[in-house]
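In the UniProt record's numbering, the protein residues as written are 1 to 295.
Beta carbons: idealized from backbone N, C-alpha and C, even for Gly.
One structure below.
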Ligand code: GH3
Ligand code: MG
Ligand code: MG
Ligand code: MG
Ligand code: MG
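So, in structure tokens, the structure goes:
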């Protein structure tokens with residue numbers, strides 16, 4: 001993963017030290033660092049409140065704080081930013097104490113030149129990766145691995161904007177497993193969970209690459225049919241319904257089917273109004289006997 005730019009908060013009271021570090025980054029070609037300098041812990045707090053940083057490079061001797069106090073004080077404010085400590089004290093114990101206080105790494109001032117760039121870049125890359133993983137996890141349903149409601153809301157908003165700016169139509173559907181309570185009742189909760197995962201997989205495998213399938217409730221899923229008109233909607237719904245009807249049964253007694261209600265989204269719709277229409281269509285499909293689709 002390339003680091004295009006590194007936002008570094010340099011907390012250093014010594015002008016010469018600060019200049020040296022700034023120059024190391026200016027000369028570097030692999031990384032484009034934006035450095036903000038704070039000369040005291042107080043100033044560092046101000047800057048941390050004002051902008052986002054990828055990393056903090058912290059001098060342990062500051063006019064308004066000293067040693068491990070600085071690390072603890074920063075950690076109280078933010079847990080996610082990596083702190084790399086630089087110290088003139090070469091004893092390994094000092095480094096370990098810094099880690100214990102909440103820093104990610106420590107560098108001796110005596111060999112800063114050799115290690116500064118690589119170590120800071122590595123910490124910044126690790127942090128970016130962690131943030132990406134967190135972001136991805138926040139959009140996924142942990143039980144099925146497909147998108148969750150939050151992801152569905154974001155995609156709905158995106159498609160709505162494309163609809164109003166460029167007139168590209170789209171549709172939404174709600175898929176609900178039929179008589180799911182009886183699956184739980186007869187086969188237990190674990191079997192119920194397996195059925196939910198099986199249905200999620202089928203929906204995901206049946207949808208087109210441009211569509212989104214999300215789990216929005218216990219045994220309820222949403223499909224966002226991108227770039228789709230009402231004329232195409234019926235056959236797309238049926239494709240999903242049939243794929244699930246044809247799934248291999250997990251047990252002999254249980255035949256899994258779903259009902260699907262869908263609607264074409266209007267420019268005047270918001271998330272709620274569109275899904276309410278899909279939900280009424282779903283209700284009609286249930287009342288008509290289940291294992292059916294309605295628009
Ligand atoms: P209908 O055909 O009308 O949809 O009937 P139904 O039984 O599927 O509908 P209902 O909404 O009454 O029941 C849904 C059940 O799903 C109730 C709840 O206990 C169960 N459920 C919800 N989330 C989960 C889950 O994550 N795992 C399992 N195993 N069951 C769940
Ligand atoms: Mg210093
Ligand atoms: Mg100092
Ligand atoms: Mg339901
Ligand atoms: Mg149901």
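Short Cβ contact (7 Å threshold) for residue i with residue j
{"i": "residue 249", "j": "residue 290", "result": "no"}
{"i": "residue 124", "j": "residue 177", "result": "no"}
{"i": "residue 57", "j": "residue 30", "result": "no"}
{"i": "residue 135", "j": "residue 109", "result": "no"}
{"i": "residue 195", "j": "residue 203", "result": "no"}
{"i": "residue 292", "j": "residue 285", "result": "yes"}
{"i": "residue 319", "j": "residue 6", "result": "Outside the displayed span of the chain (1 to 295) sits residue 319, for which this structure offers no information."}
{"i": "residue 312", "j": "residue 9", "result": "Residue 312 lies beyond the residue range present for the chain, which begins at 1 and ends at 295; the question has no answer from this structure."}
{"i": "residue 263", "j": "residue 240", "result": "no"}
{"i": "residue 28", "j": "residue 117", "result": "yes"}
{"i": "residue 106", "j": "residue 88", "result": "no"}
{"i": "residue 98", "j": "residue 72", "result": "no"}
{"i": "residue 158", "j": "residue 148", "result": "no"}
{"i": "residue 187", "j": "residue 251", "result": "yes"}
{"i": "residue 11", "j": "residue 90", "result": "no"}
{"i": "residue 39", "j": "residue 13", "result": "yes"}
Residue i CB to nearest heavy atom of ligand 1 below 6 Å
{"i": "residue 189", "result": "yes"}
{"i": "residue 221", "result": "no"}
{"i": "residue 240", "result": "no"}
Heavy atom of ligand 4 within 6 Å of residue i beta-carbon
{"i": "residue 357", "result": "The structure shown has nothing for residue 357, since the chain only spans 1 to 295."}
Rounded distance between the beta-carbons of residue j and residue i, thought under 8 Å
{"i": "residue 215", "j": "residue 144", "result": "5 Å"}
{"i": "residue 274", "j": "residue 172", "result": "5 Å"}
{"i": "residue 41", "j": "residue 64", "result": "5 Å"}
{"i": "residue 225", "j": "residue 170", "result": "6 Å"}
{"i": "residue 254", "j": "residue 183", "result": "6 Å"}
Near ligand 3: residue i beta-carbon under 6 Å from a heavy atom
{"i": "residue 271", "result": "no"}
{"i": "residue 14", "result": "yes"}
{"i": "residue 61", "result": "yes"}
Residue i Cβ short of 6 Å to ligand 5 heavy atom set
{"i": "residue 180", "result": "yes"}
Q: Only counting runs of 4 or more residues, tell me where the alpha helix (DSSP H) segments fall wholly within the UniProt domain "Response regulatory" (7–124), in order along the chain.
A: 15–27, 41–50, 68–77, 92–101
Q: Could you tell me whether the region 163–170 touches the region 112–121, using the rule of 3 or more Cβ pairs below 8 Å?
A: Counting Cβ pairs under 8 Å, fewer than three are found: no touch.
Q) What are the start and end residues of each continuous alpha helix (DSSP H) run of 4 or more residues lying completely inside the region 212–277, in chain order? A) For the region 212–277, whole alpha helix (DSSP H) runs of length 4 or above, ordered along the chain, are 230–245.
Q) Which ranges does the alpha helix (DSSP H) cover as unbroken runs of at least 4 residues, wholly within the region 140–172, from first to last along the chain? A) 149–166
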